[in-house]
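Here is the structure we will look at.
2 protein chains.
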Amino acid sequence: MKSKYKVLIYNHIPEYVDRYERLVREVRQDLQLLVCKNRDQIETFIDEADIIFSAHTFPGELVAKARNLKWIQSTSAGVENFARSNLLPPNVVLTKIRGVFGPIMSEYVVGYILAITQSMKKTFLNKERKRWEPFLVDSIRSKTVGVMGLGSVGAHIAYQVHLMGTVVIGLDEQEKRLPYVSKEYSPTEIEEFLGRSDFVVVTVPLTDANEGVLGEREFAMMKESAYLINVSRGPLVQEDALLKALKQGSIAGAVLDVFHEEPLPRDHPLWDLDNVIITPHISGPSIPEDIAKIFIENLERFEEGKKLEGVVDHEKEY
Amino acid sequence: MKSKYKVLIYNHIPEYVDRYERLVREVRQDLQLLVCKNRDQIETFIDEADIIFSAHTFPGELVAKARNLKWIQSTSAGVENFARSNLLPPNVVLTKIRGVFGPIMSEYVVGYILAITQSMKKTFLNKERKRWEPFLVDSIRSKTVGVMGLGSVGAHIAYQVHLMGTVVIGLDEQEKRLPYVSKEYSPTEIEEFLGRSDFVVVTVPLTDANEGVLGEREFAMMKESAYLINVSRGPLVQEDALLKALKQGSIAGAVLDVFHEEPLPRDHPLWDLDNVIITPHISGPSIPEDIAKIFIENLERFEEGKKLEGVVDHEKEY
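Respectively, the protein sequence lines represent chains A and B.
The opening residue of the first sequence carries number 1 in my numbering; numbering runs sequentially from there.
The opening residue of the second sequence carries number 1001 in my numbering; numbering runs sequentially from there.
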């Protein structure tokens, strides 16, 4: 028997679309799948879709054309493409992925903090030059790491950094009382939070309210020896202000996995800065095998009229 | 009142000799210090020395000329220069540094494992080339890390790697029953230990018995996908066999902080291998401020006839 629901599948990586299609079909032969690999295909099929199962790169403005739409399952933790700017009709449920990305993103954050304290860039460069140049390594235990946003991902990063013997402080709208966070600051206390942090890790969701939350004023609050690590979304940071802070040395450097424009254009000035580490949005991979499983489980809840996992608050946009 | 003891201070870094001299004098003006920055000075003063306070680079064969010698305090955890080959008269006490290097060396090991799972070398290279090239990061949690030698340093490395969510196995002559090591192997079980490990971390002390303990036979036991990490002493590894294994791909790569000859000569073939990370013996720094404190405390015990901290077993050589 055919399911009554039509599911639009979209991802910006065509191979991932194929994998998602295969993974869903394997367990749910009854579903009607609208398989989309580009914007044209989305525009063709959106009218029929009851459900959207898509990456964060789905063009949110097209949701308005989906007259049958009941539910969107994002493959990401960040859902700004769907949730921002009142794009979403009130009756459409949006769900995000929760609890999957924390552990692997913690490895990225711990890894790049250690890359900095251990001066790994110098090590790789000296290897190319066959240069033996002893230096004193720094210790992560002597640092204070500030995690901006103590949601599912931020909390796990805080936990894993704490296990390295490091002092962790946090900033969040809500008090989370996490035992591994030595002090939690509210957004009004951002000056003290930034002033104490040797590494500022950005994990807050991108919403209308916090776009550009880190700008010239905030970089001035940071230590000159401090590093910014952004693993959330590029537009949380004002890129011009960041470039200026990095060039003037008002902060020591940055580790950036996300950008205003992705892929980061070849002529972007960030590529030229020696105190920046750039990774191509890889810190929290959505692995189709993991994500499809979560979608299938949520689909069963949806069909049974149960509460879904990871429901996004339309007001808060996350 | 002058102390009756003459203390010979030696380090291969002249600036460290000055720092050790200053640190010791600050608290013990009464001591007679024989300050040595090279072999000639050691040969001049060794005859008078009651106590040697020195780095692991002290030429051990000169100990035979120290007719008044009662005690040697090494500034290192590794004491092979003094302890090997029956260099030490039975009445001379040798003490090593214990409990200092584990935490910082754990940061090195966790850091370089993450550098490999996160493909950081590719990231640094792509930055230079302004290349946006997404890839799937690997996870340390999917690995098994084998720690060879569960002494003070090895145990701490095992603990810290375990806290990353990784399975840790160990190899040691003695059963240590460490709760964070999932299985401890004896040296006779080395084949199973090496065959299971995705990373083999060498932390055993260098003794006459285990010089060259990792050779062609052992590299053949390792997985082709496995990495060797040596943070102990170069001569534990047969360098020719390692070069062959790295070139032939019988192991995936190596992270080396220690070598047969240090500094590693510019024409050494290890510099040319792409699958090797080379650091200049920096993973466990002896920081004079920390080490001098331990010496002073042991000196008080020595003067009071108490048992010293970190006494080395002459038979075992560690």
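The beta carbon of each residue, even a glycine, is placed where N, CA and C say it ideally should be.
Per DSSP, the unbroken beta strand (DSSP E) holding residue 1052 (chain B) starts and ends at 1051-1054. A Cβ-Cβ contact shorter than 9 Å links residue 1103 (chain B) with residue 1160 (chain B). Taking C-alpha positions only, residue 1208 (chain B) is separated from residue 1085 (chain B) by approximately 7 Å. Going by DSSP, residue 295 (chain A) is part of the alpha helix (DSSP H) stretching over 288-303.
Counting along the chain, no alpha helix (DSSP H) covers residue 1230 (chain B); the unbroken beta strand (DSSP E) around it starts and ends at 1227-1230.
With a threshold of 16 other beta carbon atoms within 10 Å, residue 1096 (chain B) meets it and is buried. With 16 or more other Cβ atoms inside 10 Å of its own Cβ, residue 233 (chain A) counts as buried. For the pair of segments examined, the region 1186-1193 of chain B was found not to touch the region 1128-1139 of chain B: the number of CB pairs separated by less than 8 Å stays below three. In the structure shown, the three-state DSSP call for residue 73 (chain A) is strand. For residue 1102 (chain B), the secondary structure class from DSSP, reduced to helix, strand or coil, is helix. The region 265-280 of chain A makes no contact with the region 5-16 of chain A: fewer than 3 CB pairs, one atom from each, lie closer than 8 Å.
Here residue 1292 (chain B) is not near residue 1010 (chain B), since their CB atoms are 9 Å or more apart. In summary, the residues of the region 154-178 of chain A whose CB is separated from some CB of chain B by less than 9 Å are 160, 163, 164 and 165, in the order they occur in the chain. Taken atom to atom, the span from the alpha-carbon of residue 1164 (chain B) to that of residue 1141 (chain B) is near 7 Å. The residue from B:1139, B:1152, B:1080 and B:1109 with its alpha-carbon nearest to that of residue 1119 (chain B) is B:1139. Contact between the region 41-49 of chain A and the region 119-130 of chain A is absent: fewer than three C-beta pairs spanning the two stretches fall below 8 Å. Distances from the alpha-carbon of residue 94 (chain A) to those of A:315, A:316 and A:311 put A:311 closest. In the three-state DSSP reduction, residue 118 (chain A) falls in the coil class, being neither helix nor strand.
For the region 231-279 of chain A, the continuous alpha helix (DSSP H) assignments of 4+ residues that do not extend past its boundaries occur at 239-248, in sequence order. With respect to chain B, the C-beta atom of residue 281 (chain A) has a partner C-beta closer than 9 Å.
In the DSSP assignment, no residue is bridged to residue 82 (chain A).
Distance from the CA atom of residue 296 (chain A) to the CA atom of residue 150 (chain A), rounded to whole angstroms, is 27 Å. When C-beta distances to chain A are compared with 7 Å, the residues of the region 1256-1267 of chain B below that value are 1263, 1264 and 1266, in chain order.
Rounded to whole angstroms, the Cβ separation of residue 181 (chain A) and residue 168 (chain A) is 5 Å, and the two are in contact under 8 Å. Looking at the DSSP output, residue 32 (chain A) bridges to A:6.
In the DSSP assignment, residue 1191 (chain B) falls outside any beta strand (DSSP E) and lies within the alpha helix (DSSP H) extending over 1190-1196. Taking a Cβ-Cβ cut-off of 8 Å, the neighbours of residue 1137 (chain B) in chain A comprise 104, 107, 108, 282, 283 and 285, given in sequence order.
Listed by position along chain A, the residues whose Cβ is nearer than 8 Å to that of residue 1123 (chain B) are 277, 278 and 279. Here residue 1298 (chain B) has 1073, 1095, 1308 and 1309 as same chain residues with Cβ atoms under 7 Å from its own Cβ, once five neighbours each way along the sequence are excluded. DSSP places residue 1146 (chain B) in the uninterrupted beta strand (DSSP E) bounded by 1144-1148.
When Cβ-Cβ separations below 9 Å define contact, residue 1005 (chain B) makes no contact with chain A. Within chain A, the residues placing a beta-carbon under 7 Å from that of residue 1132 (chain B) are 263, 264 and 280, ordered along the chain. Bounds of the alpha helix (DSSP H) holding residue 1024 (chain B) are 1014-1027.
Using beta-carbon distances, residue 114 (chain A) counts as an interface residue toward chain B, with a partner under 9 Å. Rounded to whole angstroms, residue 1294 (chain B) and residue 171 (chain A) show a C-alpha spacing of 40 Å. Look at residue 1144 (chain B): its C-beta is not under 9 Å from any C-beta on chain A.
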